[in-house]
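In my numbering, each number is its position in the sequence shown, counted from 1, plus 10.
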Amino acid sequence: MREKDTIKMNSNERTELRQYAWAYFDRHAEQRLKTFNFYLVLAGAVIAGVMTFKNDFAQAWPLLFLLAFVSFVFWKLDCRNRVLTKHSEEALKTLEDAMDLADECDGVPHRCKLFRREEYESSKSLRYPGTPLASAAFSYTHCFNSLFILFGFGSAILACGLILANLRSENDPEKKSTGAAVSINALPSD
11 MREKDTIKMN SNERTELRQY AWAYFDRHAE QRLKTFNFYL VLAGAVIAGV MTFKNDFAQA
71 WPLLFLLAFV SFVFWKLDCR NRVLTKHSEE ALKTLEDAMD LADECDGVPH RCKLFRREEY
131 ESSKSLRYPG TPLASAAFSY THCFNSLFIL FGFGSAILAC GLILANLRSE NDPEKKSTGA
191 AVSINALPSD
């Protein structure tokens, strides 16, 4: 059982503080989702831009590096939004602990202590890597980070590969004479 914080406040102060903490939480949680949605739109636009290089795909490497950079920037923004959201979660948990609501007999937080109850339930969830991927519970952070890694590192690796392909084709006398370039149509298919 957690120690109750010794917060001396009247009902009006408690209500005002709860409204303040909730507004702070709501603002930053919503900002986090809107920022991620904007990232997905921007990443989609960059990928669409890459696809316009269909006949000379090797020249798309600057856009791929742009996607890697944008992924890094939005990952850092998400980290900051997550920290701000956690601040308000902790404030709301403190206010929940100050309420005179007894936890259930097995140590499960009272149903009205939403943040404490969610924390308790989440701690019991099966998480990856200790659980098979298909049955594991994923947080927003895990899902967002997976996409940041996929787009960020994937586009950086692809851009480096395209640069190397360009360098090889420039140094290959046979390709110089024909003016061949890497194209999506020229990529091997299985």
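Glycine included, each C-beta is placed from N, C-alpha and C at the ideal position. Just so you know, these numbers come straight off a predicted model, no measurement behind them.
*asked:* Let's see if you can read the secondary structure: which residues bound the alpha helix (DSSP H) around Y49?
replied: 21-61
- request: Assuming S165 contacts A78 (C-beta within less than 8 Å), just tell me the rounded distance between them.
  value: 5 Å
Straight-line gap, A55 to M61 (C-alpha atoms, nearest Å): 10 Å
Taking 8 Å as the threshold, find out whether the region 62-81 comes into contact with the region 32-43 through three or more Cβ pairs.
no
Practice problem: Name the one or two DSSP bridge partners that A147 has. | Solution: R137
- Message: Nearest by alpha-carbon distance to W32: which of R121, F161, F125 is it?
- Response: F125
### Message
So, at 7 Å on beta carbons, what are the nonlocal neighbours of A112 in its own chain, with the 5 sequence-adjacent residues on each side left out?
### Response
H120
What's the gap between the Cα of D215 and the Cα of L43? Examination of residue 215 is not possible in this model, given that the chain is present from 11 through 200 alone.
Query - For C153 and C115, the rounded distance between their alpha carbons - result: 34 Å
Note to self: Suppose contacts are defined by Cβ-Cβ distances below 8 Å. Is A101 in contact with V80 by that definition?
What the structure shows: no
C-alpha gap between R138 and S149, whole angstroms: Going by the sequence as given, residue 138 is Tyr instead of Arg. C-alpha separation (whole angstroms): 10 Å.
Practice task
State yes or no: is the C-beta of D88 within less than 8 Å of the C-beta of T45?
Solution key: yes
First and last residue of the alpha helix (DSSP H) that includes K86? 71-108
Worksheet entry | Chain-order list of residues whose beta-carbon lies under 6 Å from that of L172 (same chain, five-residue window excluded) | A68, W71
Give the secondary structure of L172 by DSSP, where H, G and I count as helix, E and B as strand, and everything else as coil. helix
Exercise. Under a three-way DSSP split, which group does F111 fall into?
Worked result: A quick correction: the sequence has Leu, not Phe, at residue 111. Coil.
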